[in-house]
Structure formats: C-alpha cells, structure tokens
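*Asks:* Numbering (our numbering), first residue to last: 67 to 348.
Glycine included, C-beta positions come from ideal geometry on N, C-alpha and C.
Sharing a structure, written as structure tokens. Questions coming.
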Amino acid sequence: MISLLTATRLELIKTYSRYRTYIGFVTISILVPLIMWLVRKYGFDEMQGNTLNSLENSFVFVGSLVNGLLISYYLMTVLWVHFPFFIVLVGGDIVASESSAGTFRLWLSRPVSRFTVLTSKFLATFIYTSSIVFFLGLCSVGCGILIIGGGDLLVFDKGILILSQEEALLRFLLAYSLAVCVQMVVASLSFLFSTMSNNSVGPIIGTYAIIVVSLILSVLRIDALDGIRPYLFTSYFDVFFAPFADPIPWEEIKFNLSRLGIFIAVFYSLSLISFLRKDICT
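Structural data, given as structure tokens:
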C-alpha cells in the first residue's frame, strides 16, 4: 500500500513540474522589484507627501519615514483580491487536470486508496500555497530593504505606531504566516471545485467569482448584510493585518483563525466526499 508521505512526495513532483505552477513566482519576481525601483526612482517624494499629509500640521519629522518596510506593508493589500489568482491556478487544476486526462484510472488501479490520493493532493496544494505566500513576503521585504532601504515602520492603526526594523520583521513573519491560512481557504475552495470538474477552467473562474462577490458583500456597510457576513470566509481575510496593531489582538487572531480553519475543514471534507463518489471510468 502506497503511504500518504510517498503519495504527497509524488504529487509535489508533479505540481512543481508544471509550468503554470511558476506563473505566480515569475510574476512576483518581476513585479515586486519593479515596484520598489519605481518608488525609489520616481515616487519617493510623492509617497512621502501622501504618508505625512495628515500629520504635517501636528508633528515635525526629520528625515524620511518612507522605506522598504512601508512599501512592503502597502503591498500586502495585494493579498485581498489579486493574489488568490495564483492560488486557484494550481488548486483548481490539481484534480481536474488528471480527471480530464484519465490518469486516475491508472493511478487508482495501484494499491492506493482514494483517501490517500486526494489527501496527498490537498497537502501538495497546502505546500504550494505556503511557498508562494512566503515567497511574496521574502521578495517584498527583501527587495524593499535592498532597493529602498530599511528603517522603522510607520503604521496607522487608531493612531500612529512606529515599529523598529527588528520588531517589524517579526510582525511581517507573523502576518505572512496568517496569510497562509487566508490563502489556504481560497486553495481549498478551488480544490473542492476541482474534484467536481473534469476541466480546470471552471474551478478557476468559479472560485475567483465567489471570492470577488464575497469580498464585495463583506465590505458593503449595509445593515441587511450583517446577518450573512459571519458566514462569508472573506469576512476574516483581514486577519493578516492584525500583527501591525498595538497591542497585537491575539484573541481576535484566534477567533478569525478558528473560523478560517472551519472553512478549510468543510471544503476538504466536501472534496473528499465528492472524490470518493467520483466516476473515474468515463
């Protein structure tokens, strides 16, 4: 019987041997350094003015508070809408592509259970999601410090919070760790749709459409929507900004993580049920 560890290793080899897996890595490698260079070359003064516009009448600042850490903090907003596209490219394809190719008939003829096959694919999706999220964080913070420079991080959270570079780096690490949980909800949703389809286009488009609609419903300040917001996974997506509050709201983080964990568990369970019932002979 093929073990889960062996099956996961094989899934990782297949996942990282596909070209579409590297679309996100290549995009990040090009876009993030370009943004940092453009800010340093052309937008430094404008960014400085926008950052201090509301404070210049109350405080006197010597030097510049715009640095690579501040730009990296602003780039984290990409995780809200645009970044999930790279997640669903892999999550929506990992099962559906093999269904359309008919490889499950060969794969499941070996001494391996459907539970092992699906769980190994889910674990491979989690590892991919973690790798690209931390790659974004490393590229963003690293390029920011190298191209623009390091220094204290100025954060506006119900006031002004200034973090030393050492503390800011630790909070970035925590923030991107939380972002993995956020993006894993996206990955597990696309994974669910992938088990229900024989074509990867449907899961990719369907997942992204649900994310956009859920985000809109989450941010609309309409009293009639208050009843459904707790059931929208996007309502907990801003948890990765929590590490930049003072003090860090650990209870809020635990609450949001528990809700995100529930969504991940539900999507995985539904995926398993779908895959166990899946017809692989036609």
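Could you pull out every residue in the same chain whose Cβ sits closer than 7 Å to the Cβ of isoleucine 214, ignoring the five residues on either side in sequence?
*Replies:* Once the five neighbours on either side are set aside, the close Cβ partners of isoleucine 214 are Met102, Val105, Arg106, Asn133, Gly134, Ile137.
*Asks:* With three or more C-beta pairs closer than 8 Å as the rule, is the segment 253-265 touching the segment 151-166?
*Replies:* As far as the Cβ criterion goes, the segment 151-166 touches the segment 253-265, which means the pair count is three or higher.
*Asks:* Secondary structure at phenylalanine 149, three-state DSSP: helix, strand or coil?
*Replies:* The answer is coil: DSSP assigns phenylalanine 149 none of H, G, I, E or B.
*Asks:* In the DSSP assignment, find the beta strand (DSSP E) that holds phenylalanine 222 and state where it starts and stops.
*Replies:* Segment 219-222, the beta strand (DSSP E) holding phenylalanine 222.
*Asks:* Counting C-beta neighbours from all protein chains within 10 Å, is the total for isoleucine 228 16 or more, i.e. buried, or is it exposed?
*Replies:* Exposed is the call here.
*Asks:* Considering only the beta carbon of each residue, do alanine 73 and threonine 182 sit closer than 8 Å?
*Replies:* Their beta carbons are under 8 Å apart, which means alanine 73 touches threonine 182 by this criterion.
*Asks:* What did DSSP end up calling isoleucine 160 once you bin it into helix, strand or coil?
*Replies:* Coil.
*Asks:* Between the segment 242-251 and the segment 186-205, do three or more beta carbon pairs fall short of 8 Å?
*Replies:* Yes, they touch.
*Asks:* Give the range of the beta strand (DSSP E) segment to which isoleucine 96 is assigned.
*Replies:* Here isoleucine 96 belongs to no beta strand (DSSP E); instead the alpha helix (DSSP H) covers 89-104.
*Asks:* State the Cα-Cα distance for the pair aspartate 289 and valine 279, rounded to the nearest angstrom.
*Replies:* Their Cα atoms are separated by approximately 17 Å.
*Asks:* Thinking C-beta only, is serine 301 closer than 8 Å to valine 246?
*Replies:* No, the Cβ-Cβ distance between valine 246 and serine 301 is not below 8 Å.
*Asks:* Tell me whether leucine 76 sits in a helix, a strand or coil according to DSSP, three-state version.
*Replies:* Helix.
*Asks:* Give the secondary structure of leucine 227 by DSSP, where H, G and I count as helix, E and B as strand, and everything else as coil.
*Replies:* Leucine 227: strand per DSSP, three-state reduction.
*Asks:* Quick check: what's the CA-CA separation for alanine 311 versus phenylalanine 200?
*Replies:* Each residue's alpha carbon lies about 21 Å from the other.
*Asks:* What does the Cβ neighbour count give for alanine 293, buried or exposed, with the cut at 16 atoms within 10 Å?
*Replies:* Correcting the residue identity first, residue 293 is glycine in this sequence and not alanine. Classification of glycine 293: exposed, given that the 10 Å Cβ count is below 16.
*Asks:* Give me the Cβ distance between glycine 157 and serine 256, rounded to the nearest whole Å; I'm assuming they're in contact under 8 Å.
*Replies:* Rounded, the Cβ-Cβ distance is 4 Å, consistent with contact.
*Asks:* Using the beta-carbon count (16 or more within 10 Å), is tyrosine 108 buried or exposed?
*Replies:* Flag for tyrosine 108 reads exposed.
*Asks:* For valine 251, verify whether its CB is less than 7 Å away from any heavy atom of the ligand ZN.
*Replies:* Among the components of this structure there are no ligands whatsoever, and the ligand ZN is therefore not found.
*Asks:* As a quick exercise: from Leu236, Lys187, Ile96, Thr143, pick the residue whose alpha carbon is nearest that of lysine 80.
*Replies:* If we check each option's Cα against that of lysine 80, Lys187 comes out closest.
*Asks:* Does the distance from the CB of arginine 86 to the CB of leucine 155 come in under 8 Å?
*Replies:* Yes.
*Asks:* Is it buried or exposed for phenylalanine 321, if we count other Cβ within 10 angstroms and need 16 for buried?
*Replies:* With fewer than 16 Cβ atoms within 10 Å of its Cβ, phenylalanine 321 is classed as exposed.
*Asks:* Once DSSP output is grouped into helix, strand and coil, what is the label at serine 340?
*Replies:* In this structure, serine 340 counts as helix in the three-state DSSP scheme.
*Asks:* Please report how far the alpha carbon of arginine 325 lies from the alpha carbon of valine 92, in whole angstroms.
*Replies:* Those two C-alpha atoms are separated by around 32 Å.
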